[in-house]
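As structure tokens, the structure follows; a few thoughts come after it.
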Amino acid sequence: MTTNLTKQTHFDAIIIGGGACGLMCAVQAGFLGKRTLILEKADRVGAKILISGGGRCNYTNLYATDQQFISQNPHFCKSAFSQWTVDDTVSFFETYGIVGKEKTLGQLFPESDKAKDVVQVFTNLCDDLDQEIWCNAEVKMVEKTDDGFTVRVEIDGSQEYISAPSVVIAAGGLPIPKMGATDFGLRTARKFDLQIVDTAPALVPLTITGKDQPWYEQLSGNSIFCRVWNDRISFEENILFTHWGLSGPAILQISSYWKPGEYINIDLLPIQNIADLIHQEKEVNGKKMLLAYLANLYTRKFAEALSDKLPVEKNLASLTKTDIENISQLIHEFKVKPAGDKGYDKAEVMRGGVSTDELSSKTLEAKKVPGMFFGGECVDVTGWLGGYNFQWAWASGFVIAQNL
């Protein structure tokens, strides 16, 4: 890794952004004998890789297909995923010493549980393949020229102009601005008259405000396995109550399909039927209080929190048909109307981005701007939680490298 400008020589492509897509693009280009320069605004490459999965890096998902991605054109990512498959990702990392271990739902992590090992694969390969990396390099301008592109970059307080036949915009999205995330990719697309699909935080906790907030706040820290759904999709994973609303895997997943003003539904007991369970328990222990019974299913705190919604002071034998119907309705179709979300500070990814209508699905080259490519998070392709977005980053980086 270098910021020594005197090493500048001919580059086949300038890659703006040293994240997952940019790093994979540089390495794959190197395998093809092409020389690239990565310009990274931060002081090191792979910053989001390093924090992903709690520092462990869930680098792909064994079950990834085009079905787990949101885009105005749901078919767009199929070409990239046919060119670079999950098996390709697994083999690539195994070749360079990273063996994966599956956790839940196909999520693959390095056996070492160290995200830095993933980044090290790329930095080592960039060194071996003579791919140059400049960190603390902020791109100020991208201009089209007769023979390619000129990029103006500020590095170590000085302005430099670098030219290459191709430019790759792999600058990420808007989440986690404190780590240097910007709208550079979107601004560049707009400058070249490319359409942008409206952006929003995705895989993000949801907030509850007003009169309902204290109810959620009292349950902060409680985690429950649930089914969360709306009229478009459903997920079965844990939810987490917080002092400002709801989080946890199921909530992060549904957030990508939620719009302000909409309700989401939560089945608090997705594997069993609460009415059947109560009837069974009544037969053997009718004197048991509903509060005590719910405390066995959940936590005592959660059962007590339901006291203002359910007749928890009654014993099971005295519950009426209407009581049981109301309990079933609340447990299996708990309705929530979030006030909003926690924004880009807490979002895992960005929804929306450069419109897929503007790009070739086979090459990821901008149709209007030959030689300019877009990959990774700044494109309108957004994956589920669980390694899917990394799979898109690796695949898009690979595809671009083949076409530089």
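Using this note's numbering, the letters of the sequence shown map in sequence onto residues 482 to 885.
Even for Gly, the Cβ is constructed at its ideal location relative to N, Cα and C.
- Task: With Y779 as the anchor, note down where its alpha helix (DSSP H) starts and where it stops.
- Result: Y779 -> no alpha helix (DSSP H), and no H or E assigned at all.
Checklist entry - Between the segment 612-627 and the segment 813-825, are three or more C-beta pairs nearer than 8 Å? => result no
Query raised in the report: Of the residues N807, L727, T837 and V830, which one's Cα is nearest the Cα of S533?
Result: V830
- prompt: Mapping DSSP to helix, strand and coil, what is V862?
  reply: coil
Identify every residue that forms a DSSP beta bridge with V632.
V623 and I643
Can you grab the Cα-Cα spacing for the pair K886 / I519, in whole Å?
-> No answer is possible for residue 886: the residues shown for the chain start at 482 and end at 885.
- Query: Does T837 have its Cβ less than 8 Å from a Cβ in chain B?
  - Reply: No chain B appears in the structure shown, which is made up of a single protein chain.
Original post:
Considering only C-alpha positions, which residue in the set D609, G824, S593 and I805 is nearest to V685?
Top reply: G824
To which residues of the same chain is D664 closer than 7 Å at the C-beta, ignoring the five residues directly before and after it? L655
Tell me which residues share the same chain as N605 and place their Cβ nearer than 8 Å to its Cβ, disregarding the 5 neighbours each side in the sequence. Y577
Supposed contact pair R832 and A683 - C-beta distance, whole angstroms, cut 8 Å: 4 Å
> Would you say I495 and I657 are within 8 Å of each other, going by their C-beta atoms?
Replying inline: no
Uninterrupted alpha helix (DSSP H) stretches inside the segment 680-761 (no shorter than 4 residues):
694-698 and 730-736
Please determine, among Q694, A507, K795 and V835, the residue with the shortest C-alpha to C-alpha distance to A882.
A507
Original post:
With distances taken between CB atoms, is the gap from L675 to C859 smaller than 8 Å?
Top reply: no
Next item on the list: Within 10 angstroms of the Cβ of N919, are there 16 or more other Cβ atoms? Answer buried if so, exposed if not.
Entry: This structure gives no information on residue 919, because the portion of the chain shown stretches from 482 to 885.
Spatial neighbours of K621 in its chain, beta-carbon cut-off 6 Å, leaving aside the 5 residues before and after = R633 and E635
* Would you check if the segment 738-747 and the segment 779-790 touch, i.e. whether three or more CB-CB distances between them fall below 8 Å? => no
Can you name the start and end residues of the beta strand (DSSP E) that M853 belongs to? M853 to F855
Start-end ranges of the alpha helix (DSSP H) lying completely within the segment 767-830, minimum 4 residues: 771-778, 781-786 and 802-813
Give me, in chain order, the residues of the same chain whose beta-carbon lies closer than 8 Å to that of K790; leave out the 5 immediate sequence neighbours on both sides. L811
Closest residue to E592 among A501, F557, V580 and T566 (Cα-Cα distance):
V580
ask   = Counting along the chain, where does the alpha helix (DSSP H) carrying Q509 start and finish?
value = A501 to F512
**Request:** Apply the 10 Å Cβ neighbour rule to Q548 and answer buried if 16 or more other Cβ atoms are within range, or exposed otherwise.
**Result:** exposed
Helix, strand or coil, according to DSSP, for R525 in the structure here? coil
Review point. When you compare each of L840, D594 and N777 to I650 by their alpha carbons, which one comes out closest?
Key: L840
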